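Asks: Here it is: the structure, laid out below.
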Amino acid sequence: MRCEVLFPEVCHLCGDGMNIRYLRQSCEAVEVIETPLNSRPVFLDGGVDLVYLGSATEDGLRRIVASLLPYRQEIEQRIDEGQWMLLTGNALDALGEYVDCDDGWRLDGLGLLPTHAEYHMMDRHNSFFLGTFEDGDFSTEIVGFKSLFGHTYGAGQEDPLFTLVRGVGRYPGCGVEGFRRNHLMATYLTGPLLILNPPFTGWLLRQLGCDGAPAFEEAAMENYRRRLEEFHDLHRDPLY
Amino acid sequence: MRMGKLRFLLALWAAKLSIPALKITRHNGTDFPGFLALKLCPDFLRYAGKPDTVVAVTGTNGKTTVSNMLSDALEALGHRVLTNRAGSNIISGISTAFVRNCDLLGRVRRCDIAVLEVDERSSPRIYPHVKPDLVVLTNLFRDSIMRNAHPYYIADILTRSIPAGAKLILNADDLISCSVCPDNARAYFGVGRMESDVTDCVNLIDDVRICPCCGGKLTYAYRRYHHIGKARCDACGFASPESDYLARQVDLSGRTMTVQEGESSFAYRLSSDSIFNAYNTLSVVAALRQLGYEHEKIVPVLENITVSSSRHSEETVGKVRLIRQMSKEKNALAGSRAFDYIAGRAGRKELLLMMNCLGDTRHWSENTCWIFDADFEFLNDPSIVQIVCAGARCRDYKLRLLMAGVPEDRILCEDDEFRAAERLSYTPGDDVYLLYGTDSLERAYRVYDRMKAYALERAQADEEANA
Ligand SMILES: [Zn+2]
Numbered sequence: 000m001r002c003e004v005l006f007p008e009v010c011h012l013c014g015d016g017m018n019i020r021y022l023r024q025s026c027e028a029v030e031v032i033e034t035p036l037n038s039r040p041v042f043l044d045g046g047v048d049l050v051y052l053g054s055a056t057e058d059g060l061r062r063i064v065a066s067l068l069p070y071r072q073e074i075e076q077r078i079d080e081g082q083w084m085l086l087t088g089n090a091l092d093a094l095g096e097y098v099d100c101d102d103g104w105r106l107d108g109l110g111l112l113p114t115h116a117e118y119h120m121m122d123r124h125n126s127f128f129l130g131t132f133e134d135g136d137f138s139t140e141i142v143g144f145k146s147l148f149g150h151t152y153g154a155g156q157e158d159p160l161f162t163l164v165r166g167v168g169r170y171p172g173c174g175v176e177g178f179r180r181n182h183l184m185a186t187y188l189t190g191p192l193l194i195l196n197p198p199f200t201g202w203l204l205r206q207l208g209c210d211g212a213p214a215f216e217e218a219a220m221e222n223y224r225r226r227l228e229e230f231h232d233l234h235r236d237p238l239y
Numbered sequence: 000m001r002m003g004k005l006r007f008l009l010a011l012w013a014a015k016l017s018i019p020a021l022k023i024t025r026h027n028g029t030d031f032p033g034f035l036a037l038k039l040c041p042d043f044l045r046y047a048g049k050p051d052t053v054v055a056v057t058g059t060n061g062k063t064t065v066s067n068m069l070s071d072a073l074e075a076l077g078h079r080v081l082t083n084r085a086g087s088n089i090i091s092g093i094s095t096a097f098v099r100n101c102d103l104l105g106r107v108r109r110c111d112i113a114v115l116e117v118d119e120r121s122s123p124r125i126y127p128h129v130k131p132d133l134v135v136l137t138n139l140f141r142d143s144i145m146r147n148a149h150p151y152y153i154a155d156i157l158t159r160s161i162p163a164g165a166k167l168i169l170n171a172d173d174l175i176s177c178s179v180c181p182d183n184a185r186a187y188f189g190v191g192r193m194e195s196d197v198t199d200c201v202n203l204i205d206d207v208r209i210c211p212c213c214g215g216k217l218t219y220a221y222r223r224y225h226h227i228g229k230a231r232c233d234a235c236g237f238a239s240p241e242s243d244y245l246a247r248q249v250d251l252s253g254r255t256m257t258v259q260e261g262e263s264s265f266a267y268r269l270s271s272d273s274i275f276n277a278y279n280t281l282s283v284v285a286a287l288r289q290l291g292y293e294h295e296k297i298v299p300v301l302e303n304i305t306v307s308s309s310r311h312s313e314e315t316v317g318k319v320r321l322i323r324q325m326s327k328e329k330n331a332l333a334g335s336r337a338f339d340y341i342a343g344r345a346g347r348k349e350l351l352l353m354m355n356c357l358g359d360t361r362h363w364s365e366n367t368c369w370i371f372d373a374d375f376e377f378l379n380d381p382s383i384v385q386i387v388c389a390g391a392r393c394r395d396y397k398l399r400l401l402m403a404g405v406p407e408d409r410i411l412c413e414d415d416e417f418r419a420a421e422r423l424s425y426t427p428g429d430d431v432y433l434l435y436g437t438d439s440l441e442r443a444y445r446v447y448d449r450m451k452a453y454a455l456e457r458a459q460a461d462e463e464a465n466a
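And the structure:
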């Protein structure tokens, strides 16, 4: 199984890179290829099972968009053909329509997701997230964290990745989180999404043709169960 | 008298009156006077008198140590220094320092220089009113992602808020610091190549991988840790700046270094064996040089300054050495540096990890992203024979340690920190570490007392067994 990590030189915030290490530890057959900025993504020519894009700085987002823009049509075609892609944290914003920032900065995204972000640079949003993920007969609870400069607006409740149980969805008041477009999955949840959610990781591994269980499954499941308990505890406010 | 000034004076008097009241209620260490002054007069700092010279000390790590060393040195050199060392480094703490040092008309007459430790994120509220002549920027690293996002965000805040007239004293080995206020006057300090340096990054956090000018890949002539080192871009020729004050022959175990300035070199003593201490001392030397003091004057002054450390302490208890090592919560870099330091020391080690944020444990649930940015891999070392993970996040630590390759039989999990202290082995001859955060300080000290008792118990049992 081949996993392409896009732009590790800028997409390395929030512990995001560990998602891929966890996949590798879960499945011996995982081969990781790293594609630097300003080079043609390998998945465009096929043979890649999962494409991963993680959190970056604002300047990093600009560089991501600049690197992918020449391939926008091809990327869209690959998505429509069913390419598996996972985006965590603000990587989602690179694929949205644009980012508007209250300090005057603006970034036009790739426009592959029908949404735009609004950043407030002196008002960082921190919350924990509890939601559900469903795919056919499979469903699981999802736990995670948000630590972002803002939210994403404009898409209403269409094509979500997760359904909100507690915390904040795409934007305050929205009942869903993230986006799913065919096999493209994008979520604002930062960092170790796969490590914190072994059932989801198990599902993803199966989709990618790996029959192994998530690595360190017992420790991961115990950790997951305890975090679920904490996130369900109504004495804890999801907003930091 | 203008309204603003009148309001300032009323705020000042009220704040000054609160000081004896706080003493009676034993709250004299707080920021309350400044907090009150700001409540009554939001631009209190604008009207407060300023000493002739203002030095601000900021940066991710070392700012408390550097500002304390610098103000001690200036006092020893005959200055009367206004500092915020008794309070916090945010606007209320700095305002408190001015409340205490202003006379009833709001003038600062007792002090001729201010050394202010300034929280990076608080800069936009402070520098418009307290305009520093010198800004010592120790370094910019990744800190809490919740508050500080990433270090370029902090660099941007500093660039927007430090006044054009301030001269910066910057760490040449840290390209993120170097990017701050590109148009301001600046002087650089740095530590030349050390034997322990590498070229490829061994750390998970490596925030300067591409050229800030052209985006090309940077290559490092040497790298100390993370992005600290000497880099250059082959594509456009961009390179780390040369240091005006360059530390060479840094001998951490011998606690000496040489500072080279131009053609001349001067020998300095270091008060501890950590590389951070070398950087801190060097930045103080640079600041004092910029304030006009000769090395011959600085050397003896620094020899007499003791750096008190609440971050690290060691003592022999029973048959083990107990070591308290602070590792700030939610801070991957602090963890990585502590783990690296511990792994590199001689001897067998037992560890108790309790860096989780106790405040979050009660009301929220700690964001654990930092754990996946921290180099737990350093703890995968045969010399570290036991790791007891404690507190609400113990299962997160355990999973992370497993991912780092630490054998499962070396890891124990315990929700209760005091129970965790009991589960350490205290094997005679071992170094037993307690890693704790700033938020868990009070509980950590109590856990440490418990560790002491267990260490003694274990030593006694050992004696009896041998008798
Ligand atoms: Zn360049």
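Top to bottom, those sequences are chains A and B.
The first sequence begins at 0 in numbering that gives the first Met the number 0 and counts up one residue at a time.
The second sequence begins at 0 in numbering that gives the first Met the number 0 and counts up one residue at a time.
Cβ coordinates follow ideal geometry from the N, Cα and C atoms, glycine included.
Given the structure is predicted, the values throughout are model-derived calculations rather than measurements.
I need the straight-line Cα distance from B:V98 to B:A85, nearest angstrom please.
Replies: Translated into positions along the second sequence, residue 98 of chain B becomes position 99. Translated into positions along the second sequence, residue 85 of chain B becomes position 86. Distance between the alpha carbons of B:V98 and B:A85: 12 Å.
Asks: Below 8 Å on the Cβ atoms is my contact criterion, and I expect A:H182 with A:F148 to pass it. Report the Cβ-Cβ distance as a whole number of Å.
Replies: Start at 1 with the first residue of the first sequence, and residue 182 of chain A comes out as number 183. Start at 1 with the first residue of the first sequence, and residue 148 of chain A comes out as number 149. No, A:H182 and A:F148 are not in contact; Cβ-Cβ is about 28 Å, not under 8 Å.
Asks: Identify the residues that DSSP records as bridge partners of B:T315: which are they?
Replies: In the second sequence, counting from the first residue as 1, residue 315 of chain B sits at position 316. Bridge partners of B:T315: B:R320.
Asks: Indicate whether the contact test is met: 3 or more Cβ pairs, each with one atom in the region 61–75 of chain B and one in the region 31–51 of chain B, closer than 8 Å.
Replies: Contact between the region 61–75 of chain B and the region 31–51 of chain B is absent, because fewer than three Cβ pairs lie under 8 Å.
Asks: Measuring CA to CA, which of A:E133, A:L193, A:I141, A:P35 is closest to A:E228?
Replies: Mapped onto the first sequence, residue 228 of chain A falls at position 229. A:E228 has its Cα closest to that of A:I141, out of A:E133, A:L193, A:I141, A:P35.
Asks: Could you please give the first and the last residue of the uninterrupted beta strand (DSSP E) stretch that includes B:C388?
Replies: Within the second sequence, numbered from 1, the residue matching residue 388 of chain B stands at position 389. Start and end: 383–389.
Asks: Cβ atoms of A:F6 and A:L36: under 7 Å apart, would you say?
Replies: Numbered from its first residue, the first sequence carries residue 36 of chain A at position 37. Numbered from its first residue, the first sequence carries residue 6 of chain A at position 7. In this structure, A:F6 lies closer than 7 Å to A:L36 by Cβ.
Asks: When the Cα of B:F451 is compared with those of B:K318, B:Y224, B:I297, B:G253, which residue comes out closest?
Replies: As a working mapping, residue 451 of chain B is identified with position 452 in the second sequence. Reading off the sequence shown, one finds Lys at residue 451 of chain B, where the question assumed Phe. Residue B:K318 is the option with its Cα nearest to B:K451.
Asks: How about B:G215: is its Cβ closer than 6 Å to a heavy atom in ligand 1?
Replies: Sequence index remark: in the second sequence, residue 215 of chain B carries index 216 (1-based). Yes - ligand 1 has a heavy atom lying nearer than 6 Å to the Cβ of B:G215.
Asks: I need the straight-line Cα distance from B:E349 to B:P381, nearest angstrom please.
Replies: Here residue 349 of chain B refers to the residue found at position 350 when the second sequence is read from its first residue. Here residue 381 of chain B refers to the residue found at position 382 when the second sequence is read from its first residue. B:E349 and B:P381: Cα-Cα distance of roughly 11 Å.
Asks: Assuming A:P159 and A:G177 form a contact by the criterion Cβ under 8 Å, report the distance between their Cβ atoms to the nearest whole angstrom.
Replies: Taking the first residue of the first sequence as position 1, residue 159 of chain A is located at position 160. Taking the first residue of the first sequence as position 1, residue 177 of chain A is located at position 178. The pair is a contact, with the Cβ atoms about 6 Å apart (cut-off 8 Å).
Asks: For B:L411, decide whether its Cβ has a neighbour in chain A, counting only Cβ atoms nearer than 7 Å.
Replies: In the second sequence, the residue the question calls residue 411 of chain B occupies position 412. So, not an interface residue.
Asks: Out of curiosity, what's the CA-to-CA distance linking B:V190 and A:K145?
Replies: Numbered from 1 along the second sequence, position 191 holds the residue referred to as residue 190 of chain B. Numbered from 1 along the first sequence, position 146 holds the residue referred to as residue 145 of chain A. One C-alpha to the other measures close to 38 Å.
Asks: Please identify, using Cβ separations under 8 Å, the residues of the region 133–162 of chain A that lie next to chain B, in order along the chain.
Replies: For the region 133–162 of chain A, which is checked against every Cβ of chain B, the residues closer than 8 Å are F144, S146, F148.
Asks: Report yes or no: is there a C-beta of chain B within less than 7 Å of the C-beta of A:M0?
Replies: Along the first sequence, one-based indexing puts residue 0 of chain A at 1. A:M0 does not count as touching chain B.
Asks: Note down, in chain order, every chain E residue with its Cβ under 9 Å from the Cβ of B:Y444.
Replies: No chain E is part of this structure, whose protein chains are labelled A and B.
Asks: Along the region 112–129 of chain A, where does the CB come closer than 7 Å to a CB of chain B? Name the residues.
Replies: Answer in chain order: R123, N125, F127.
Asks: Is it true that the region 210–223 of chain A meets the region 11–21 of chain B, where meeting means three or more beta-carbon pairs spaced less than 8 Å apart?
Replies: Taking 8 Å as the limit for Cβ pairs, the verdict is that the region 11–21 of chain B does not touch the region 210–223 of chain A.
Asks: What would DSSP say about B:R445, mapped onto helix, strand or coil?
Replies: Taking the second sequence and counting its residues from 1, the one referred to as residue 445 of chain B is at position 446. It is helical.
Asks: Identify the continuous beta strand (DSSP E) that holds A:R165 and give its terminal residues.
Replies: Looking up residue 165 of chain A in the first sequence gives position 166. Here the beta strand (DSSP E) through A:R165 covers 161–165.
Asks: Given that B:L398 touches chain A, what residues does it touch there, using C-beta distances under 8 Å?
Replies: By 1-based counting over the second sequence, the position of residue 398 of chain B is 399. Per Cβ cutoff of 8 Å: I194, F215, A218, A219, N222.
Asks: Return the CA-CA distance between A:E30 and A:R77, expressed in angstroms with no decimal places.
Replies: As a position in the first sequence, residue 30 of chain A is number 31, starting the count at 1. As a position in the first sequence, residue 77 of chain A is number 78, starting the count at 1. The straight-line gap from Cα to Cα measures roughly 20 Å.
Asks: Of the residues A:E117, A:R123, A:G190, A:G143, which one's Cα is nearest the Cα of A:T254?
Replies: Outside the displayed range of chain A (0 to 239) lies residue 254 of chain A, so it cannot be described from this structure.
Asks: Determine the chain B residues that contact A:L12 at a beta-carbon separation under 9 Å, and present them in chain order.
Replies: On the first sequence, residue 12 of chain A is found 13 positions in, with the first residue counted as 1. In chain order: R141, I144, A148, H149, D206, C368, D372.
Asks: Quick one, are the C-beta atoms of B:L203 and B:D374 less than 7 Å apart?
Replies: Translated into positions along the second sequence, residue 203 of chain B becomes position 204. Translated into positions along the second sequence, residue 374 of chain B becomes position 375. In contact: B:L203 and B:D374 (Cβ atoms closer than 7 Å).
Asks: Is it buried or exposed for B:T315, if we count other Cβ within 10 angstroms and need 16 for buried?
Replies: Here residue 315 of chain B refers to the residue found at position 316 when the second sequence is read from its first residue. Flag for B:T315 reads exposed.
Asks: Which residues in the same chain as B:L287 place their Cβ atom closer than 7 Å to its Cβ, once the five residues preceding and following it in sequence are excluded?
Replies: In the second sequence, counting from the first residue as 1, residue 287 of chain B sits at position 288. Taken in chain order, the residues that qualify are A72, I297.
Asks: Quick check on the DSSP output: what are the complete beta strand (DSSP E) runs of length 3 or more inside the region 82–136 of chain B, in order along the chain?
Replies: With a minimum length of 3 residues, the continuous beta strand (DSSP E) runs that stay inside the region 82–136 of chain B are 112–116, 133–136.
Asks: Could you tell me whether any Cβ in chain A is nearer than 7 Å to the Cβ of B:L401?
Replies: Position 402 of the second sequence, counted from the start, is the residue given in the question as residue 401 of chain B. B:L401 counts as touching chain A.
Asks: Under 8 Å, with one C-beta from each stretch per pair, do the region 317–334 of chain B and the region 417–432 of chain B reach the 3-pair mark?
Replies: They touch, by the three-pair rule.
Asks: Whose CA, out of B:D118, B:I161, B:P162, B:P131, lies closest to the CA of B:N147?
Replies: Position 148 of the second sequence, counted from the first residue, corresponds to residue 147 of chain B. Checking every option, the nearest Cα to that of B:N147 belongs to B:D118.
Asks: Out of A:E157, A:E216, A:R224, A:L203, which one is the CA nearest neighbour of A:M84?
Replies: Taking the first residue of the first sequence as 1, we reach residue 84 of chain A at position 85. When only C-alpha atoms are compared, the closest one is A:L203.
Asks: Does the separation of the CB atoms of A:T186 and A:L193 fall below 7 Å?
Replies: Within the first sequence, numbered from 1, the residue matching residue 186 of chain A stands at position 187. Within the first sequence, numbered from 1, the residue matching residue 193 of chain A stands at position 194. No, these two residues do not count as a Cβ contact at 7 Å.
Asks: Return the CA-CA distance between B:L251 and B:Q324, expressed in angstroms with no decimal places.
Replies: For the purposes of this step, residue 251 of chain B is taken as residue 252 along the second sequence, with counting starting at 1. For the purposes of this step, residue 324 of chain B is taken as residue 325 along the second sequence, with counting starting at 1. Going by the C-alpha atoms only, they are around 18 Å apart.
Asks: Within the same chain, show all residues whose beta-carbon is closer than 8 Å to that of A:G153, passing over the 5 residues directly before and after it, in chain order.
Replies: Reading the first sequence from its first residue, position 154 is the one you call residue 153 of chain A. Same-chain partners within the cutoff: E96, P113, T114, H115.
Asks: In three-state DSSP terms, what is A:L68?
Replies: The residue labelled residue 68 of chain A in the question sits at position 69 within the first sequence. A:L68 falls in the helix class under three-state DSSP.
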